[in-house]
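Read through the structure below, which is laid out as structure tokens, and then see the notes.
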Amino acid sequence: MQSLLDDCAYVIFGATGNLSLSKLLPALYHLEQAGRLPEVCPIICCGRRNYSEDDWLDLVREELTNRARDQLDEDVFSKFASRIQYFMGDMNEQEMYPRLAKLVTTEEFPTNIAF
Numbered sequence: 001m002q003s004l005l006d007d008c009a010y011v012i013f014g015a016t017g018n019l020s021l022s023k024l025l026p027a028l029y030h031l032e033q034a035g036r037l038p039e040v041c042p043i044i045c046c047g048r049r050n051y052s053e054d055d056w057l058d059l060v061r062e063e064l065t066n067r068a069r070d071q072l073d074e075d076v077f078s079k080f081a082s083r084i085q086y087f088m089g090d091m092n093e094q095e096m097y098p099r100l101a102k103l104v105t106t107e108e109f110p111t112n113i114a115f
């Protein structure tokens, strides 16, 4: 039986949308803050918009600043941000899925993945 803290990865489709920015990413940030995320826990944020990694992290920081329970903890955010990777792709385009599969099947990714 797997522990709650076994290595895992999260793939969030529609990451630039309201649900992700207002609920999912703040919830994952709060799990990071509480020490409840596994040591290896990459978070792939899939969206159609053309964001650079820095632009995406700036947007995530802004949203978390507005939605964190307490003031945004820079040390926690730094660790959380190191887990996040933005992946540009449209779920309606078939060529996105082989690119995503190639990313999540590298050695750095755990085989335990939640989509």
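With this note's numbering as the guide, the letters of the sequence shown map in order to residues 1 to 115. Backbone N, C-alpha and C define an ideal beta-carbon position, used for all residues, glycine too.
*Please state whether DSSP places Gln33 in a helix, a strand or coil.*
Taking the first residue of the sequence shown as 1, we reach residue 33 at position 33. Helix.
_Check for me: the beta strand (DSSP E) holding Val11 runs from which residue to which?_
Working through the sequence shown from its first residue, we reach residue 11 at position 11. It spans 9-13 - the beta strand (DSSP E) in which Val11 sits, taken as one unbroken run.
*Determine the DSSP secondary structure at Ala101, reduced to helix, strand or coil.*
On the sequence shown, residue 101 is found 101 positions in, with the first residue counted as 1. Helix.
*asked:* Measuring only the C-alpha atoms, how far is Leu19 from Phe115?
replied: Locating residue 19 in the sequence shown gives position 19, counting from the first residue. Locating residue 115 in the sequence shown gives position 115, counting from the first residue. About 14 Å.
*In chain order, which continuous runs of the beta strand (DSSP E) of length 3 or greater are located wholly inside the region 55-89?*
84-88
*Find out if the Cβ-Cβ distance for the pair Val40, Asp7 is shorter than 7 Å.*
As a position in the sequence shown, residue 40 is number 40, starting the count at 1. As a position in the sequence shown, residue 7 is number 7, starting the count at 1. Closer than 7 Å, so yes.
_Taking a contact to mean a Cβ-Cβ separation below 7 Å, would you say Leu64 touches Tyr29 in this structure?_
The sequence position of residue 64 within the sequence shown is 64, counting from 1. The sequence position of residue 29 within the sequence shown is 29, counting from 1. Yes, these two residues count as a Cβ contact at 7 Å.
*asked:* Here's a check: name, in chain order, each residue in its chain whose Cβ is nearer than 6 Å to the Cβ of Tyr10, leaving out the five neighbours to either side.
replied: The sequence position of residue 10 within the sequence shown is 10, counting from 1. If we look at Tyr10 and ignore the five residues flanking it on each side, its Cβ neighbours are Ile43, Ala114.
*Taking the CB atoms as reference points, tell me whether Glu32 and Phe109 lie closer together than 7 Å.*
Walking along the sequence shown from the start, residue 32 turns up at place 32. Walking along the sequence shown from the start, residue 109 turns up at place 109. Contact: no.
*asked:* Using the Cβ count rule (16 or more neighbours within 10 Å means buried), how would you classify Gly35?
replied: Sequence index remark: in the sequence shown, residue 35 carries index 35 (1-based). By the neighbour-count rule (16 or more Cβ atoms within 10 Å), Gly35 is not buried but exposed.
*The beta strand (DSSP E) enclosing Gly17, as first and last residue numbers*: What you label residue 17 is simply residue 17 of the sequence shown in a count that begins at 1. Per DSSP, Gly17 belongs to no beta strand (DSSP E) and is neither H nor E.
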